[in-house]
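**Q** Numbering (the working numbering), first residue to last: 280 to 341.
1. Going by DSSP in three states, residue 295 sits in which element: helix, strand or coil?
2. With DSSP run on the structure shown, which of helix, strand or coil describes residue 331?
3. Between the stretch 313-321 and the stretch 291-300, are three or more C-beta pairs nearer than 8 Å?
4. If we ignore side chains and look at the alpha-carbon of each, how far apart do residue 323 and residue 333 end up?
5. Could you pull out every residue in the same chain whose Cβ sits closer than 6 Å to the Cβ of residue 294, ignoring the five residues on either side in sequence?
Structure below.
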């Protein structure tokens, strides 16, 4: 996968809170990694590679 320099983007507080809730579900700590392509960035569990969230180019989190 190619490394791409990404610019910081503003996101809504409620979107960030929802994202953090997904990563820290059940109050467990999850090591994550970030990957990106031309369309979006992905936050993945480090060990399993499972996608926890996508950050889209239009600044939405899905």
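Here a beta-carbon is modelled for each residue, glycine too, at the ideal position from N, C-alpha and C.
**A** The short version:
1. helix
2. strand
3. Contact between the stretch 313-321 and the stretch 291-300 is absent, with fewer than three C-beta pairs closer than 8 Å.
4. 9 Å
5. 340
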